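Note that the working numbering gives residue 62 to position 36 of the sequence shown, counting from 1, and the numbers run on in steps of one. Note that CB positions come from ideal geometry on N, CA and C, so glycine has one too. Nothing here was measured: the structure is a model prediction, and the numbers come from that model.
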Amino acid sequence: MKDDLILRKEEDFNAIYKKGKSSPGKYVVVLYRPNGTDLTRKAFVASKKVGNSVMRNRARRLMREAVRLSQVSLPNGYDFLFIARNGITVSKCADVRRSIEAALKRTGLTG
27 MKDDLILRKE EDFNAIYKKG KSSPGKYVVV LYRPNGTDLT RKAFVASKKV
77 GNSVMRNRAR RLMREAVRLS QVSLPNGYDF LFIARNGITV SKCADVRRSI
127 EAALKRTGLT G
């Protein structure tokens, strides 16, 4: 993933949390917001509620791989924040992919 396609700044995260819309899934919550550019930026977050550092890193890896393998393409001009839910670490990548695809389809941004 290119560096300019990753959300890193705190103000970007705060803007998504405050002004973005959400779409829940079984293992992942997807927050999204238009960013005013033609780039699609992504971030993957796992809070301490998910578990220790090993479990949080696994959750982020699962979400990244699920988005990479997903059949749903992300539209240009949006910031996406993928937040792991508690049961994600015991699930398989295919389950997380289905959860992300369902959440993205509920947003109405994808075809």
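Got a sec? Which residues, its chain only, sit under 7 Å from arginine 82 by beta carbon, not counting five neighbours each side? Looking up residue 82 in the sequence shown gives position 56. Excluding positions up to five away in sequence, the list reads Ala72 and Val76.
In the DSSP output, what is isoleucine 32 paired with across the bridge? Translated into the one-based positions of the sequence shown, residue 32 becomes position 6. In DSSP, isoleucine 32 forms a bridge with Lys68.
Check the DSSP bridge columns for lysine 47 and list the partner residues they point to. By one-based count along the sequence shown, residue 47 stands at place 21. Looking at the DSSP assignment, lysine 47 forms a beta bridge with Tyr58.
Within the chosen definition, does the segment 123–133 reach the segment 40–51 through at least 3 CB pairs nearer than 8 Å? yes
How would you label arginine 111, buried or exposed, when you count the other beta carbons within 10 angstroms and need 16 or more for buried? Locating residue 111 in the sequence shown gives position 85, counting from the first residue. With 16 or more other Cβ atoms within 10 Å, it is buried.
Out of curiosity, what's the CA-to-CA distance linking tyrosine 104 and arginine 90? As a working note, residue 104 is residue 78 in the sequence shown. As a working note, residue 90 is residue 64 in the sequence shown. In a straight line, the C-alpha of tyrosine 104 is about 17 Å away from that of arginine 90.
What does the alpha-carbon distance come out to for the pair asparagine 78 and phenylalanine 106? Counting from 1 along the sequence shown, the entry for residue 78 is found at position 52. Counting from 1 along the sequence shown, the entry for residue 106 is found at position 80. Using only the alpha carbons, I get a separation of about 24 Å.
Are the beta-carbon atoms of arginine 59 and serine 96 separated by less than 8 Å? Start at 1 with the first residue of the sequence shown, and residue 59 comes out as number 33. Start at 1 with the first residue of the sequence shown, and residue 96 comes out as number 70. For arginine 59 and serine 96, no; Cβs fall outside 8 Å.
Could you spell out where the alpha helix (DSSP H) holding leucine 88 opens and where it closes? Along the sequence shown, read from residue 1 onward, the residue named residue 88 stands at position 62. Unbroken alpha helix (DSSP H) run through leucine 88: 79–95.
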